[in-house]
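Report on the following structure.
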Amino acid sequence: MQNIFTLSRRAVIGAVSALAFAAVAPQASAEFPDKPVTLVVPYAAGGSTETMARVYAKALQEQLGQPVIVSVKPGGGGAVGATFVAKSPADGYTILFAVASALVWPPMTQDVEYKPDSFVWIASITEYQQALISTPDKPYKTYAELIAHAKKNPGMNFADQSALSRAFINYIGKKEGVSWTAIPTKGGGEMVPFLLGGKVDIAWSGGVHQRYGDKMQVLASFNSTRLAAAPDAPSLKEIYGISMPSHGVIVAPAGTPADVVAKLESALKAAGSDKAFNDILTNKLQFPNAFVGSEEMKPIVADMVTGLQTVIDATK
C-alpha cells in the first residue's frame with residue numbers, strides 16, 4: 157500500500173496546477189444575487205473567524221443588496237465546513253470563510269471529499285495572527301525558556317485546534333527532542349478557557365489571543381514573519397524555516413459562474429472598507445486588512461503545498 161501522504165500530495169499538487177485553468181463556469185443565467193447568501197465558518201463560535209465573519213457579513217450584504225447569513229459548521233480543523241461548501245450548488249449562494257490551510261492540509265493528510273481545486277479561491281481578506289501562546293503566570297516567558305522547561309518537564313499539555321496545528325507543534329517537539337500531549341479543541345472559543353483555566357500549558361492560537369491583552373503571552377509566531385503585536389517573539393520561519401499558511405480566504409464551490417465570482421470578488425473588496433469591520437479587524441483582533449484577489453491567490457496556494465509538505469515529511 158502506498159503511503160497516504162504520498163498519494164494525497166500527488167493529488168493535491170495536480171489539483172493546485174488545475175487552479176490556473178478552469179475553476180469557474182460560464183455566465184450565470186439570472187441576476188446575482190436574488191436571494192440570501194450563506195457565509196460558512198468552519199470553526200466553533202467565539203473564535204477570531206466567527207468574530208470577523210459576523211461583522212463582515214453585514215458589510216458584505218450592503219454591497220450585495222441581499223442578506224448574508226453566517227452559518228457555523230465546526231469540526232475536523234475546518235474540514236467539515238469545507239466539505240459542506242464543496243458539495244453545495246456552484247451558484248455563489250454558499251461561500252466559505254476560513255484560514256487557507258483548512259483547504260490544503262486535510263487533502264494532503266486525510267481522506268476528505270475535497271481538494272484545493274474543489275473551490276474557486278475568490279479572495280483573501282486578512283492574515284491570521286497565528287502564535288504559540290501561554291499565560292504570564294508560567295515559569296517560561298520566551299520561546300527559548302519554554303523549550304528548556306519542556307526538556308526538564310516532559311508531558312506538558314498543549315491545546316490544538318486541528319491536525320495541522322498539532323503537526324506543527326509535534327514538529328517542534330521532534331526538532332527539540334521534547335514530548336508533550338495534545339488536547340484537541342474545536343476552536344479559539346474552546347481553547348481560551350482551557351488555557352486560562354490551567355487545563356493546558358501552551359496553545360496554538362489563530363489570533364484570538366490578541367483580544368485578551370496581558371492575560372496571554374506570545375512565545376512564537378507561526379506566520380512567516382513576527383507578529384506586529386508581539387515583535388519580540390521569534391517566528392518559526394526564523395528558527396526552523398517553516399511557517400503555517402495564514403491567509404483568511406473566501407471561496408466558493410468550483411464551477412461557480414465567472415460573472416458571479418467577479419461580483420463576489422468586487423463586493424468582498426468593497427466590504428473590506430467598512431468601518432465596523434476594520435474596527436474589529438485592526439483594533440480588537442489586531443489583524444491586517446490585506447485584500448488579495450483571485451488571480452494573485454493562485455501562486456500563493458501552490459506555495460502552501462510545498463511548505464506544508466516539509467512538515468509532513470519531518471513528522472512521518
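Note that my numbering has the sequence shown beginning at 157, numbered continuously upward. Ideal placement from N, C-alpha and C gives every residue a C-beta, glycine not left out.
Between valine 276 and proline 409, the C-beta gap is smaller than 9 Å, which places the two residues in contact. The C-alpha of valine 236 lies about 11 Å from the C-alpha of leucine 252.
Between alanine 446 and serine 290, the CB-CB gap reaches or exceeds 9 Å. In the DSSP assignment, glutamine 373 forms a beta bridge with Ser290. In this model, serine 321 and valine 260 are separated by some 13 Å (Cα to Cα). Taking the C-beta atoms as reference points, valine 197 is found no nearer than 9 Å to threonine 250. Per the coordinates, the alpha-carbon of glutamate 269 lies some 8 Å from the alpha-carbon of proline 263. Alanine 418 and valine 448 have their C-alpha atoms spaced approximately 13 Å apart. Taking the Cβ atoms as the reference, isoleucine 436 lies roughly 6 Å from threonine 207, within the contact range of under 8 Å. In this structure, the alpha-carbon of valine 211 lies about 42 Å from that of proline 310. Across the structure, glycine 353 and alanine 432 are spaced so that their CA atoms are roughly 31 Å apart. Comparing C-alpha distances from threonine 438 to each of Pro272, Gln366 and Pro295 shows the shortest one belongs to Gln366. Nearest to glutamine 217 by C-alpha distance, out of Ala376, Thr239, Lys294 and Ala427, is Ala427. For phenylalanine 275, the enclosing beta strand (DSSP E) has its first and last residue at 275–283. Closest option to aspartate 273, judged by alpha-carbon separation, among Ala242, Leu441, Met400 and Leu424: Ala242. Taking C-beta separations shorter than 8 Å and ignoring five residues to either side along the sequence, the partners of glutamine 222 in its chain run Pro189, Asp190, Lys191, Pro192 and Val193, following chain order. One Cα belongs to isoleucine 395, the other to isoleucine 278, and the distance between them is close to 33 Å.
Between serine 361 and the set Glu332, Tyr327 and Phe314, the nearest pair of CA atoms involves Phe314.
DSSP places phenylalanine 240 in no beta strand (DSSP E) but in the uninterrupted alpha helix (DSSP H) bounded by 235–242. For the beta strand (DSSP E) assignment, the uninterrupted runs of no fewer than 3 residues enclosed by the region 330–409 are, from N- to C-terminal side, 336–340, 358–361, 373–377 and 403–409.
Assignment of leucine 252 by DSSP, reduced to helix, strand and coil, places it in the strand class. In the DSSP assignment, phenylalanine 314 falls within the unbroken beta strand (DSSP E) covering 312–316. DSSP places phenylalanine 433 inside the alpha helix (DSSP H), whose first and last residues are 431–434. Counting every other CB atom within 10 Å of its CB across the protein chains shown gives glutamate 187 a total below 16, marking it as exposed. In summary, lysine 271 is buried, with 16 or more beta-carbon neighbours lying within 10 Å of its beta-carbon over all protein chains present.
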